[in-house]
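A.B. asks: Handing you a structure now.
Residue numbers (this note's numbering), protein chains in the order written: chain A, 1 to 435; chain B, 436 to 627.
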């Protein structure tokens with residue numbers, strides 16, 4: 001069995017499962033946020049009764065993150081609904097807005113708080129829940145009805161997916177390359193429906209060279225290829241991270257050597273070049289070089305896929321000491337990352353100072369303009385603006401305006417483009433500043 | 436909608452292209468309304484498919500909104516789309532908004548996994564997989580009929596019939612009307 005099949009088997013009381021079978025699994029963690037939490041709670045109360053209790057309050061995590069810093073009355077009401085539910089159910093893992101516990105983007109906060117553990121099953125009411133697969137977990141996005149069902153029963157039916165295996169040759173990422181380039185290349189190759197109904201397992205010697213944040217960038221975007229989940233086998237890097245964040249026991253699971261895969265795909269990390277997804281689809285691939293010179297109105301660095309501390313370190317390497325030609329938005333994914341911007345330094349200067357000196361606009365930890373949001377959302381695109389972004393999706397209207405255009409790229413490429421005002425292959429800057 | 440019977444589904448076609456993602460089905464700015472409040476709920480019908488670029492809305496002519504002006508229900512009942520319908524976010528508001536607008540079924544060669552599952556588990560509408568891409572053959576406004584017993588789509592306007600795939604393993608949940616009814620029928624949770 002593959003890693004994904006084994007975890008599903010372990011959680012359904014079976015010795016063996018095969019792709020295509022539907023089985024009921026026991027859920028280790030259910031995550032919800034401010035957009036889908038309120039309707040899920042509404043369904044839970046309707047179906048199980050107004051006085052129903054959640055199946056296990058230690059296993060429900062609520063992280064408001066999408067529409068937080070807005071005056072929109074409906075959006076604020078959503079957070080009020082979560083607040084009331086958490087109080088009524090006495091939930092220990094509610095990270096309220098305005099409190100010291102507030103975290104920010106759920107997919108980055110979950111690992112920080114120790115909820116992503118190898119071998120476990122995690123469901124979340126957000127498509128990028130697949131991010132947690134980086135920790136050797138089966139993690140996937142679900143809707144409100146499924147979440148309500150888990151809240152009441154602790155179980156959910158799962159169709160066992162076939163697994164596509166992506167094997168990385170090479171032992172390191174070249175200095176100008178980021179995990180974002182690798183996943184944009186893969187999605188460009190297989191298409192936005194290339195992994196529909198399937199697991200994407202990332203393996204091979206190259207994966208060992210990637211940090212947890214790199215691996216999260218890969219698994220985060222499995223959904224952009226239609227994947228049910230993305231997954232990486234746990235190793236010492238995984239365990240070191242997880243053990244630093246939780247004392248909870250867990251059991252690592254690995255794919256069998258004779259596991260059967262739907263397909264295998266081979267990539268040499270050292271041969272991949274900086275990539276871009278052109279408007280209006282994550283699979284509309286080009287190399288940064290091919291679209292070099294495309295005029296831009298704005299650059300955006302943030303989100304669950306591109307707003308981690310390593311993403312900002314990368315951007316700062318290029319932005320440091322340069323003037324920016326276009327409005328550049330910086331949105332840390334979580335409050336912990338926001339603190340990291342103040343404590344992490346590059347040549348003695350805190351990252352936040354590097355960004356401020358260059359004139360970047362710096363937002364609060366949250367999803368912000370990654371998915372548009374209410375009209376007063378920080379960084380939301382207007383009219384026909386053209387943006388280069390480290391986020392994960394560029395369908396029409398994604399960042400707020402149906403007429404706008406979004407290019408997806410790595411933080412290196414976004415930063416290089418912010419400096420020049422046109423799409424720019426970051427290799428020029430990396431060679432100047434880092435090597 | 437009631438999925439209790441397998442009666443034919445009849446109504447006007449609304450045709451869309453490929454990769455209709457959830458931001459196009461219901462833009463993120465509108466996800467704040469309550470689905471439980473009867474008046475706010477209607478807004479999901481009003482804004483259903485409002486994120487589709489106008490020239491792509493209601494093919495082949497385009498420039499046809501699913502719901503006009505202040506209307507919250509559409510004259511169209513069946514969506515016919517190209518590949519990968521419902522890709523993007525896990526928001527269940529997407530199939531819910533289409534149901535609120537009056538859509539009963541979608542026919543596409545392929546669906547994104549979460550959208551398909553949400554449609555079925557929430558009992559909002561039925562996602563039928565076609566054997567080939569019908570979005571170039573069916574025109575917005577054509578009178579369609581889905582024969583669930585014989586797995587056929589009949590286009591009365593063009594006098595053509597196409598095979599569609601049986602629902603397969605999700606048929607029991609579809610016919611129960613969603614995952615809760617299905618679980619009650621199977622004794623997994625108590626009867627309401």
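All C-beta atoms, glycine included, are put in the ideal place defined by N, C-alpha and C. Remember, predicted model here, so these are calculated numbers, not experimental data.
(1) Taking a cut of 7 Å between CB atoms, which residues from the segment 462-479 of chain B lie near chain A?
(2) Is the Cβ-Cβ distance between residue 608 of chain B and residue 555 of chain B less than 9 Å?
(3) DSSP beta-bridge partners for residue 320 of chain A?
(4) DSSP puts residue 265 of chain A in a beta bridge; with which residues?
(5) Does DSSP put residue 613 of chain B in a helix, in a strand, or in coil?
(6) Going by the DSSP bridge assignment, what does residue 543 of chain B pair with across the sheet?
(7) I want to see whether chain B comes within less than 9 Å of residue 297 of chain A, judged by CB atoms only; does it?
(8) Tell me the DSSP secondary structure of residue 27 of chain A in three-state form.
(9) In the structure shown, what three-state DSSP assignment does residue 444 of chain A receive?
(10) Name the one or two DSSP bridge partners that residue 327 of chain A has.
(11) Taking the straight line between their C-alpha atoms, what separation do you get for residue 131 of chain A and residue 91 of chain A?
(12) Helix, strand or coil for residue 434 of chain A? Go by DSSP, reduced to three states.
(13) What do you reckon, are the CB atoms on residue 314 of chain A and residue 172 of chain A nearer than 9 Å?
(14) Based on DSSP bridge pairs, tell me the residues matched to residue 102 of chain A.
(15) Please compile the residues from chain A whose C-beta is within a distance smaller than 9 Å of the C-beta of residue 498 of chain B.
(16) Hey, how far is the Cα of residue 610 of chain B from the Cα of residue 441 of chain B?
(17) Is it the case that the CB of residue 441 of chain B approaches a heavy atom of the ligand COA more closely than 8 Å?
(18) Kindly list, in the order they appear in chain B, the residues whose Cβ is closer than 7 Å to that of residue 393 of chain A.
(19) Take every Cβ of the segment 22-41 of chain A, pair it with every Cβ of the segment 135-148 of chain A, and state whether three or more of those distances are shorter than 8 Å.
(20) Does any residue of chain B have a CB that is nearer than 9 Å to the CB of residue 223 of chain A?
(21) Within the same chain, show all residues whose beta-carbon is closer than 7 Å to that of residue 489 of chain B, passing over the 5 residues directly before and after it, in chain order.
(22) Just to confirm the assignment, what range does the alpha helix (DSSP H) spanning residue 15 of chain A have?
(23) Could you check the C-alpha separation between residue 513 of chain B and residue 30 of chain A for me, to the nearest Å?
(24) What three-state label does DSSP hand residue 198 of chain A in the structure shown?
(25) Say whether chain B places a C-beta atom closer than 9 Å to the C-beta of residue 55 of chain A.
(26) Should residue 253 of chain A and residue 118 of chain A be called a contact, given that it needs their Cβ atoms to be closer than 9 Å?
(27) Can you find a C-beta in chain A that's less than 9 Å from the C-beta of residue 568 of chain B?
(28) Measure the alpha-carbon distance for residue 62 of chain A versus residue 576 of chain B and round it to whole angstroms.
C.D. replies: So, from the listed chains and residues:
(1) Flagged, chain order: 462, 463, 464, 466, 467, 468, 470 and 471.
(2) As a first step, residue 608 of chain B must be located in the second chain, where it is residue number 173. As a first step, residue 555 of chain B must be located in the second chain, where it is residue number 120. Result yes, Cβ atoms of residue 608 of chain B and residue 555 of chain B sit closer than 9 Å.
(3) The sequence position of residue 320 of chain A within the first chain is 320, counting from 1. For residue 320 of chain A, which the question treats as bridged, DSSP gives no partner whatsoever.
(4) Your numbering for residue 265 of chain A matches position 265 in the first chain. A/166.
(5) The count along the second chain starts at 1 and reaches residue 613 of chain B at position 178. It is coil, neither helix nor strand.
(6) Along the second chain, one-based indexing puts residue 543 of chain B at 108. In DSSP, residue 543 of chain B forms a bridge with B/564.
(7) One-based indexing of the first chain puts residue 297 of chain A at position 297. The Cβ of residue 297 of chain A sits no closer than 9 Å to any Cβ of chain B.
(8) Mapped onto the first chain, residue 27 of chain A falls at position 27. In the three-state scheme derived from DSSP, where H, G and I count as helix and E and B as strand, residue 27 of chain A is classed as coil.
(9) Outside the shown range of chain A, which is 1 to 435, sits residue 444 of chain A, and nothing can be said about it.
(10) Position 327 of the first chain, counted from the first residue, corresponds to residue 327 of chain A. Partner(s): A/298.
(11) Locating residue 131 of chain A in the first chain gives position 131, counting from the first residue. Locating residue 91 of chain A in the first chain gives position 91, counting from the first residue. Distance between the alpha carbons of residue 131 of chain A and residue 91 of chain A: 24 Å.
(12) Mapped onto the first chain, residue 434 of chain A falls at position 434. Confidence in residue 434 of chain A is poor, its pLDDT being 48 and thus under 50, which makes the residue's placement too unreliable to answer from.
(13) Translated into positions along the first chain, residue 314 of chain A becomes position 314. Translated into positions along the first chain, residue 172 of chain A becomes position 172. It is not a contact, given that the beta carbons lie outside the stated cut-off.
(14) Counting from 1 along the first chain, the entry for residue 102 of chain A is found at position 102. The partner list for residue 102 of chain A (beta bridge, DSSP) is empty, contrary to what the question assumes.
(15) The sequence position of residue 498 of chain B within the second chain is 63, counting from 1. Within 9 Å Cβ-Cβ: nothing; residue 498 of chain B doesn't reach chain A, min ~14 Å.
(16) Locating residue 610 of chain B in the second chain gives position 175, counting from the first residue. Locating residue 441 of chain B in the second chain gives position 6, counting from the first residue. Spanning the two alpha carbons is a distance of roughly 8 Å.
(17) With respect to the ligand COA, the structure offers nothing, as it holds no ligand at all.
(18) Here residue 393 of chain A refers to the residue found at position 393 of the first chain. Under the 7 Å cutoff, chain B gives 523.
(19) yes
(20) Reading the first chain from its first residue, position 223 is the one you call residue 223 of chain A. At least one chain B Cβ lies under 9 Å of residue 223 of chain A.
(21) Reading the second chain from its first residue, position 54 is the one you call residue 489 of chain B. For residue 489 of chain B, where only same-chain residues beyond five positions count, the Cβ hits under 7 Å are 497 and 498.
(22) Walking along the first chain from the start, residue 15 of chain A turns up at place 15. Careful: residue 15 of chain A lies outside any alpha helix (DSSP H) and carries neither H nor E.
(23) Within the second chain, residue 513 of chain B is the residue found at index 78, counting from 1. Within the first chain, residue 30 of chain A is the residue found at index 30, counting from 1. Distance between residue 513 of chain B and residue 30 of chain A, taken at the CA atoms: about 34 Å.
(24) Indexing the first chain from 1 puts residue 198 of chain A at position 198. Strand.
(25) Within the first chain, the letter at position 55 stands for residue 55 of chain A. Answer no: the Cβ-Cβ gap between residue 55 of chain A and chain B never drops below 9 Å.
(26) For the purposes of this step, residue 253 of chain A is taken as residue 253 along the first chain, with counting starting at 1. For the purposes of this step, residue 118 of chain A is taken as residue 118 along the first chain, with counting starting at 1. Yes; because the gap between Cβ atoms is below 9 Å, this pair is in contact.
(27) Counting from one through the second chain, the residue named residue 568 of chain B turns up at place 133. Residue 568 of chain B does not count as touching chain A.
(28) As a working note, residue 62 of chain A is residue 62 in the first chain. As a working note, residue 576 of chain B is residue 141 in the second chain. Roughly 44 Å between the two C-alpha positions.
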